[in-house]
Amino acid sequence: MEKITMAELAKKAGVSTATLRKFLKHERVRNDLAEKIEMAIRETGYILEEHKEKEVIEKGFEESKSIQEDFAGKSQQHCLAFVAKEITQLNTQTLFLACERLIAASQYLLLACETKGDAEREKAYLSMLANAQVKGVILESCLAADEVTAILGNIPYVSLQQGTNTGIGCVNTLQGGELLGEYLLQKHHMIIRYLGMEEAGTIAYCEGIKDSYHKRKQPLDFTVKLCDGSLMDMYAKLKEILSEKIDVLILECDEMMIPLQRYLKEYHISVPQNMSVISIGGHAITKMASPKLTTLRFDYDAYATSIMKKLLQTSFEKENEAKSFFCIEEGESVR
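Numbered by the UniProt record's numbering, the letters in the sequence shown go through residues 1 to 335 in order.
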């Protein structure tokens, strides 16, 4: 049976790749979507790939030998590791490349490890890295901090967990939300709808926006719409949103621009004249939109610099110092 990609399997099942990833990680997925995915897996034999993932976990410590071979002839003191749930996810990939560019002229090597969000796989990788005595680890973890410290020992690491100031290296998304809120206030937008998929990544942004309005004692009609990642559910939520008279629609990530444009085209709908659209991310994909999207842009190069300073101890900032890596990049989608 021919090997197929995740994107091909998602297409065959009629779901988005985000929903497929959730299913493969054993996260909650709507029953009808799960049935479609299971049928597609049976028909294509994709389940074999899942067995391979389990084999990798079981052979985790054996893989340390191959990692050490990768380091052969190079100083182990100059090896860093980037451990993420999905290295090809747009935000993660952009940060990885920014870190790689930053250390390109130095003697450091950056090793990528993908855990698929599996705790056992992550433990296996961290054990390998500890055995290889890497200089430091950039980590998007699904483990508790004490578990990570127990495995890595004295090897320094920087957490990539999103949220408020929960630890060194974290992205202060609350601050990003406040910046976006200030921008929306300047545009006199009072009726706001937020379309997202992940509740955890949504909370801080939304709280930041609300805080900006409350500080100015301005009225706000703010509603969050969460979809399960499937095109049909996203279309349903867009239908609800576009049936209202609102000032602005905020997209959780730049990639959501694609289903939005597809929905408008398929159903021959025009964006209401006075409605604005803003996405979070600021990737190059937003420049392909017509009109060009206004975005809450994240500065990955500045963040990579901050991470490396902390990881390599080249300089120190106050641990509780609030630094924003966000800015508004204006396009033509805000009225």
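Note that CB positions come from ideal geometry on N, CA and C, so glycine has one too. Here the structure is a predicted model, which is why all the values come from computation and not from measurement.
1) What is the rounded straight-line gap between the Cα of residue 44 and the Cα of residue 236?
2) Alpha carbon to alpha carbon, how far is residue 136 from residue 176?
3) Does residue 223 come out as helix, strand or coil in the three-state DSSP assignment?
4) Kindly indicate which three-state DSSP category residue 62 falls into: helix, strand or coil?
5) Where residue 94 and residue 298 are concerned, what is the direct C-alpha to C-alpha distance, given to the nearest angstrom?
6) Looking at the structure shown, is residue 137 part of a helix, part of a strand, or coil, going by DSSP?
7) Run the CB neighbour count on residue 120, radius 10 Å, all protein chains shown included, and call it buried at 16 or more, exposed below.
8) Helix, strand or coil, according to DSSP, for residue 311 in the structure here?
9) At what residues does the alpha helix (DSSP H) containing residue 158 begin and finish?
10) Considering only DSSP beta bridges, list what residue 193 is partnered with.
11) Using the Cα positions of residue 277 and residue 250, report the straight-line distance between them to the nearest angstrom.
12) Taking DSSP's pairing of strands, which residues face residue 366 in a bridge?
13) Would you check if the distance between the CB atom of residue 122 and the CB atom of residue 92 is smaller than 8 Å?
14) With burial defined as no fewer than 16 other Cβ atoms inside 10 Å of the residue's Cβ, what is the status of residue 88: buried or exposed?
15) Determine, using beta carbons only, whether residue 196 and residue 226 come nearer to each other than 8 Å.
16) Per DSSP, what kind of secondary structure is residue 325 in: helix, strand or coil?
17) Would you mind stating whether residue 19 and residue 281 have Cβ atoms separated by less than 8 Å?
18) What do you get for residue 288, buried or exposed, if any count of 16 or more other CB atoms within 10 angstroms of its CB means buried?
19) Please report how far the alpha carbon of residue 383 lies from the alpha carbon of residue 10, in whole angstroms.
20) Which residue marks the beginning of the alpha helix (DSSP H) containing residue 98, and which one marks its end?
21) Helix or strand or just coil, what does DSSP make of residue 198?
22) Is residue 99 near residue 138, with beta carbons less than 8 Å apart?
23) Relative to the C-alpha of residue 190, which candidate in 150, 274, 13 and 36 has its C-alpha closest?
24) Would you kindly check if the distance between the Cβ of residue 202 and the Cβ of residue 252 is under 8 Å?
25) From residue 187 to residue 36, what distance separates their C-alpha atoms?
26) Among residues of its own chain, excluding the 5 on either side of residue 292, which ones have a beta-carbon nearer than 8 Å to its beta-carbon?
27) Just grab the DSSP bridge partners of residue 83 for me.
28) Going by alpha carbons, who is nearest to residue 302 out of 97, 174 and 90?
29) Starting from residue 127 and walking both ways along the alpha helix (DSSP H), at which residues does that stretch end?
30) Below 8 Å between beta carbons: does that hold for residue 184 and residue 248?
31) Which of the three DSSP states is assigned to residue 154 in this structure?
32) Does the distance from the C-beta atom of residue 269 to that of residue 222 stay below 8 Å?
33) Name the residue from 153, 118 and 144 whose alpha carbon lies nearest to the alpha carbon of residue 131.
34) Pull up the CB-CB distance for residue 324 and residue 179, whole angstroms please, since I reckon it's below 8 Å.
Quick answer:
1) Translated into positions along the sequence shown, residue 44 becomes position 44. Translated into positions along the sequence shown, residue 236 becomes position 236. When rounded, the distance between both Cα atoms is 29 Å.
2) The residue labelled residue 136 in the question sits at position 136 within the sequence shown. The residue labelled residue 176 in the question sits at position 176 within the sequence shown. Approximately 27 Å, taken between the alpha carbons.
3) As a first step, residue 223 must be located in the sequence shown, where it is residue number 223. Residue state, collapsed to three classes: strand.
4) As a working note, residue 62 is residue 62 in the sequence shown. For residue 62, the pLDDT reaches just 45, beneath the cut-off of 50, and the residue's location in the model is therefore unreliable, leaving the point undetermined.
5) Position 94 of the sequence shown, counting from 1, holds the residue named residue 94. Position 298 of the sequence shown, counting from 1, holds the residue named residue 298. Each residue's alpha carbon lies about 10 Å from the other.
6) On the sequence shown, residue 137 is found 137 positions in, with the first residue counted as 1. If DSSP states are grouped into helix, strand and coil, residue 137 belongs with the strands.
7) Walking along the sequence shown from the start, residue 120 turns up at place 120. Under this definition residue 120 is an exposed residue.
8) If you number the sequence shown from 1, residue 311 lands on position 311. In the structure shown, residue 311 sits in a helix (DSSP, three-state: H, G or I).
9) Taking the sequence shown and counting its residues from 1, the one referred to as residue 158 is at position 158. Residue 158 -> not in any alpha helix (DSSP H); beta strand (DSSP E) instead, spanning 157-159.
10) Against the sequence shown, residue 193 aligns to sequence position 193. DSSP, once it has assigned bridges, lists 223 and 249 as partnering residue 193.
11) Taking the sequence shown and counting its residues from 1, the one referred to as residue 277 is at position 277. Taking the sequence shown and counting its residues from 1, the one referred to as residue 250 is at position 250. Whole-angstrom Cα-Cα distance: 6 Å.
12) Missing from the structure shown is residue 366; the chain here goes from 1 to 335 and no further.
13) Counted from its first residue, the sequence shown places residue 122 at position 122. Counted from its first residue, the sequence shown places residue 92 at position 92. Result no, Cβ atoms of residue 122 and residue 92 do not sit closer than 8 Å.
14) Here residue 88 refers to the residue found at position 88 when the sequence shown is read from its first residue. With fewer than 16 other Cβ atoms within 10 Å, it is exposed.
15) Here residue 196 corresponds to residue number 196 of the sequence shown, with the count starting at 1. Here residue 226 corresponds to residue number 226 of the sequence shown, with the count starting at 1. Closer than 8 Å, so yes.
16) Here residue 325 refers to the residue found at position 325 of the sequence shown. Three-state result, residue 325: coil.
17) Indexing the sequence shown from 1 puts residue 19 at position 19. Indexing the sequence shown from 1 puts residue 281 at position 281. Cβ atoms of residue 19 and residue 281: not closer than 8 Å.
18) By 1-based counting over the sequence shown, the position of residue 288 is 288. It counts as exposed.
19) The chain is shown only over 1 to 335; residue 383 falls outside these bounds and no answer can be derived.
20) Indexing the sequence shown from 1 puts residue 98 at position 98. From DSSP, the alpha helix (DSSP H) with residue 98 extends over 90-102.
21) By one-based count along the sequence shown, residue 198 stands at place 198. The answer is coil: DSSP assigns residue 198 none of H, G, I, E or B.
22) In the sequence shown, residue 99 corresponds to position 99, counting from 1. In the sequence shown, residue 138 corresponds to position 138, counting from 1. Yes, the pair counts as a contact, with Cβ atoms nearer than the cut-off.
23) The count along the sequence shown starts at 1 and reaches residue 190 at position 190. Closest option to residue 190, Cα to Cα, is 274.
24) For the purposes of this step, residue 252 is taken as residue 252 along the sequence shown, with counting starting at 1. For the purposes of this step, residue 202 is taken as residue 202 along the sequence shown, with counting starting at 1. Their beta carbons are under 8 Å apart, which means residue 252 touches residue 202 by this criterion.
25) Walking along the sequence shown from the start, residue 187 turns up at place 187. Walking along the sequence shown from the start, residue 36 turns up at place 36. Approximately 44 Å between the Cα atoms of the pair.
26) On the sequence shown, position 292 is the one that residue 292 refers to. 286, 331, 332 and 333.
27) Indexing the sequence shown from 1 puts residue 83 at position 83. Bridge partners of residue 83: 113 and 139.
28) As a position in the sequence shown, residue 302 is number 302, starting the count at 1. For the residues 97, 174 and 90, the minimum Cα distance to residue 302 belongs to 97.
29) For the purposes of this step, residue 127 is identified with residue 127 of the sequence shown, where counting begins at 1. Taken as a continuous stretch (DSSP letters only), the alpha helix (DSSP H) holding residue 127 covers 119-131.
30) The residue given as residue 184 occupies position 184 in the sequence shown. The residue given as residue 248 occupies position 248 in the sequence shown. It is a contact, given that the beta carbons lie within the stated cut-off.
31) Here residue 154 refers to the residue found at position 154 of the sequence shown. Looking at residue 154 - three-state DSSP - the assignment turns out to be coil, as it is neither helix nor strand.
32) By 1-based counting over the sequence shown, the position of residue 269 is 269. By 1-based counting over the sequence shown, the position of residue 222 is 222. No, they are not a contact pair.
33) Position 131 of the sequence shown holds residue 131. The residue with the shortest Cα to Cα distance from residue 131 is 153.
34) Along the sequence shown, read from residue 1 onward, the residue named residue 324 stands at position 324. Along the sequence shown, read from residue 1 onward, the residue named residue 179 stands at position 179. Indeed, because the Cβ distance is near 7 Å, the residues count as touching under 8 Å.
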